[in-house]
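J.: Residue numbers (my numbering), protein chains in the order written: chain A, 660 to 900; chain B, 116 to 385.
A virtual CB, placed ideally from N, CA and C, is assigned to each residue, including glycine.
Just so we're clear, the structure is a prediction, and the values are computed from it rather than from any experiment.
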Ligand SMILES: Nc1ncnc2c1ncn2[C@@H]1O[C@H](COP(=O)(O)OP(=O)(O)OP(=O)(O)O)[C@@H](O)[C@H]1O
Ligand SMILES: [Mg+2]
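Structure, rendered in structure tokens:
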């Protein structure tokens, strides 16, 4: 085990009744690293994220966060937006933060996700993608050190999605966040992450490090390689198929 | 191109606004008119049903003599105190059982069994126990209003979206914060449904209780008038009950739209 890692997962199993959601997962994540978790639906990605967030305990194995005050440094953006329907967008952002200039910070973040005019709206007045952006802003509110994002950009159109990808990468880089991004979109993972972890058969079966400052050609190559790993095909077979 | 569109738009608005406000009153007004006309032309004998005007005059007379205000206030007092006690107990039981599995297992099935007894069937028992004084009427109202508040509070609290609770946990909310910031607001719509239902039960229970055993209150007034074949007062009491019921419904509704304004902002469900 690497003692310098921010998040350390060691031989973790998670069993729900008779269903094995995670099987012998071991993973070390360094401070400031951007990790993408990809894989088929039901592969255990959200479960792994919940274990890291401390919302559930592993059946066996160890999850260690290398910080004293771990939970308040960690923010989860869930797969569903989980906004409080009785609170305005602005109040949803302020939820759970205690500092004095909360409102100003919330306004700033709303600007980042391009929703300033929606501050007083209720969640049921927003589109799916707008709700996701509010949830993203809420996750960033308390200046976390670790950001856990579960399918944060699922409901967005291609253009907004690209903008939000850049926004997330920018924030993570500037604030030197340790980030775990769960996504179905392998290309998104190849664009954003330093390291891609493939979750398959309830375990992390494969990983791929991405080159720094990659161009679209490199992104394509990484995407193909990871995809073929998920589908258990060789790249050449994939092309002929 | 644009002009005709805007004209038809404003026209539609001019027609719609007053109609929305008048429509609910249309049927009561027509009924009262037909009733008055039938009485005036003698199609409806005053021994069967006195005319609206006669009922109104009776109301004015009884108001001036102080009899109506006195009985009205005693009825209101019983209704309010009964609702506060019953609703309070119902809320606390619903809260405890909604939050704690142990208490749920301990209490819920017994409460469900008790709930299936029509509370008006308890009238003889309560009269034997408590006589015909205030506590008898108030207890009946309390028992009647307790169950709708209990059931809806319990259901509201136990069916809060577990995703939202998990979200709260990720913010390390304390138990109290979890209740006030997430569970209570999420359960509030259901709790208010219970209170609104309880308001209906409150009046029905009180009418029956006051009619059977009381020496004051609107129900007593009606029963007393019946003994003297005072048709105007009998009908007046019925009208008063109708008005009281409508007022409590309006109060409950405005309470709801004030507390749940976030529900009315989204898509219309009509
Ligand atoms: N609370 C739970 N109780 C029982 N089974 C669960 C629970 N949470 C997850 N599972 C099961 O664990 C497995 C992994 O679920 P998980 O949500 O981690 O998948 P996922 O990779 O996030 O999938 P998706 O991409 O569809 O979100 C699934 O088979 C799921 O049914
Ligand atoms: Mg998931």
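#1: For residue 290/B, would you say it is in contact with chain A, using Cβ-to-Cβ distances shorter than 8 Å as the test?
#2: Go ahead and pull the three-state DSSP assignment for residue 847/A.
#3: Can you confirm whether residue 744/A, when its beta carbon is compared against all beta carbons of chain B, has any partner nearer than 8 Å?
#4: In the DSSP output, which residue or residues are listed as bridge partners for residue 285/B?
#5: Please classify residue 373/B as buried or exposed, where buried requires at least 16 neighbouring CB atoms within 10 angstroms.
#6: Measure the beta-carbon distance from residue 812/A to residue 820/A and round it to whole angstroms, keeping in mind my assumption that it falls under 8 Å.
#7: Whose Cβ in chain B lies nearer than 7 Å to the Cβ of residue 792/A?
#8: With a threshold of 8 Å between beta-carbons, can residue 279/B be considered close to chain A, or not?
#9: Using a beta-carbon distance below 8 Å, is residue 312/B in contact with chain A?
#10: Whole angstroms is fine: what's the gap from residue 214/B's alpha carbon to residue 798/A's?
#11: Go ahead and pull the three-state DSSP assignment for residue 900/A.
#12: Quick one: Cα of residue 886/A to Cα of residue 814/A, how far?
#13: For residue 285/B, would you say it is in contact with chain A, using Cβ-to-Cβ distances shorter than 8 Å as the test?
#14: Beta carbon of residue 700/A: closer than 7 Å to some heavy atom of ligand 1?
#15: Rounded to the nearest angstrom, what separates residue 675/A and residue 861/A at their Cα positions?
#16: Does the distance from the C-beta atom of residue 275/B to that of residue 301/B stay below 8 Å?
#17: Let me know the secondary structure DSSP gives residue 660/A once reduced to three states.
#18: If you run the structure through DSSP and keep just helix, strand and coil, what is residue 852/A?
#19: Against residue 282/B, what residues of chain A qualify as contacts under a CB-to-CB distance less than 7 Å, listed in chain order?
#20: Taking the alpha helix (DSSP H) that residue 797/A belongs to, which residues open and close that run?
#21: Between residue 751/A and residue 140/B, what straight-line distance do the alpha-carbon atoms span, to the nearest angstrom?
#22: Please check the pair residue 317/B and residue 191/B, which I expect to be a contact at CB under 8 Å, by giving their CB distance rounded to whole angstroms.
#23: Using a threshold of 7 Å, is the CB atom of residue 853/A nearer than that to any non-hydrogen atom of ligand 2?
#24: Could you check if residue 804/A belongs to the surroundings of ligand 2, using beta carbon to heavy atom distance under 7 Å?
#25: Do the stretch 307–316 of chain B and the stretch 763–782 of chain A touch if we need at least three Cβ pairs shorter than 8 Å?
#26: Whose CB is closer than 7 Å to a heavy atom of ligand 2? List the residues in chain order.
#27: Hey, would you say the C-beta of residue 680/A is under 7 Å away from at least one heavy atom of ligand 1?
#28: Going by the DSSP bridge assignment, what does residue 335/B pair with across the sheet?
#29: Pull the bridge partners of residue 687/A from the DSSP assignment, please.
#30: If you run the structure through DSSP and keep just helix, strand and coil, what is residue 841/A?
#31: When DSSP builds the beta bridges, which residues end up paired with residue 825/A?
#32: Which ranges would you report for the beta strand (DSSP E) in the stretch 689–756 of chain A if only whole runs of at least 3 residues count?
#33: Specify the secondary structure class of residue 234/B as computed by DSSP and reduced to three states.
#34: Just to confirm my understanding: we take residue 239/B, look at its own chain, exclude 5 residues before and 5 after, and list those with CB closer than 8 Å. What are they?
#35: Using 8 Å for Cβ pairs, my map puts residue 841/A next to residue 808/A. What's the rounded Cβ distance?
#36: Say yes only if the C-beta of residue 843/A is nearer than 7 Å to one or more non-hydrogen atoms of ligand 1, and no if none qualify.
T.: In this structure, then:
#1: No, residue 290/B lies away from the interface with chain A (no Cβ there is under 8 Å from its Cβ).
#2: Looking at residue 847/A - three-state DSSP - the assignment turns out to be helix.
#3: Yes, its Cβ sits closer than 8 Å to a Cβ of chain B.
#4: As DSSP reads the structure, residue 285/B sits in no beta bridge.
#5: Residue environment: residue 373/B is assigned as exposed (fewer than 16 neighbouring CB atoms within 10 Å of its CB, all protein chains considered).
#6: The beta-carbon distance between residue 812/A and residue 820/A, rounded to whole angstroms, is 5 Å. This is short enough to meet the 8 Å contact definition.
#7: Those do not exist, as residue 792/A stays about 17 Å from chain B at its closest Cβ, beyond 7 Å.
#8: Residue 279/B counts as touching chain A.
#9: The beta-carbon of residue 312/B is placed no less than 8 Å from the nearest beta-carbon of chain A.
#10: The C-alpha of residue 798/A is placed about 28 Å away from the C-alpha of residue 214/B.
#11: Unreliable positioning characterises residue 900/A in this predicted model, as indicated by a pLDDT of 36, which lies under 50. A coordinate reading is not provided.
#12: Taking the straight line joining both Cα atoms gives about 22 Å.
#13: Interface residue, yes.
#14: Yes, the Cβ of residue 700/A comes within 7 Å of a heavy atom of ligand 1.
#15: For residue 675/A and residue 861/A, the distance between alpha carbons rounds to 12 Å.
#16: Cβ atoms of residue 275/B and residue 301/B: closer than 8 Å.
#17: For residue 660/A, the predicted structure reports a pLDDT of 47, less than 50, and the residue's modelled location is therefore unreliable. A value from the coordinates is still provided. In this structure, residue 660/A counts as coil in the three-state DSSP scheme.
#18: Coil, per DSSP.
#19: Neighbours of residue 282/B on chain A, chain order: 737 and 741.
#20: Residue 797/A: member of the alpha helix (DSSP H) spanning 787–799, first to last residue.
#21: Distance between the alpha carbons of residue 751/A and residue 140/B: 41 Å.
#22: Actually they do not touch by this definition, with Cβ atoms about 11 Å apart.
#23: Relative to ligand 2, even the nearest heavy atom lies 7 Å or more away from the CB of residue 853/A.
#24: Every heavy atom of ligand 2 is 7 Å or more from the Cβ of residue 804/A, so no.
#25: Short answer: they don't touch.
#26: Working through the chain, the matches are 704/A, 705/A, 738/A, 809/A, 810/A and 841/A.
#27: Under cutoff, so the answer is yes.
#28: None; residue 335/B has no bridge partner.
#29: Residue 687/A is bridged to 667/A.
#30: Of the three classes helix, strand and coil, the one that applies to residue 841/A here is strand, per DSSP.
#31: Looking at the DSSP output, residue 825/A sits in no beta bridge, so it has no partner there.
#32: The stretch 689–756 of chain A contains these whole beta strand (DSSP E) runs: 693–697, 719–724 and 733–736.
#33: Here residue 234/B sits in helix by DSSP.
#34: Within the same chain, and ignoring the five residues on either side of residue 239/B in sequence, no residue has its Cβ closer than 8 Å to its Cβ.
#35: Cβ atoms of residue 841/A and residue 808/A come within 8 Å of each other, at about 7 Å.
#36: Flag set: Cβ of residue 843/A near ligand 1.
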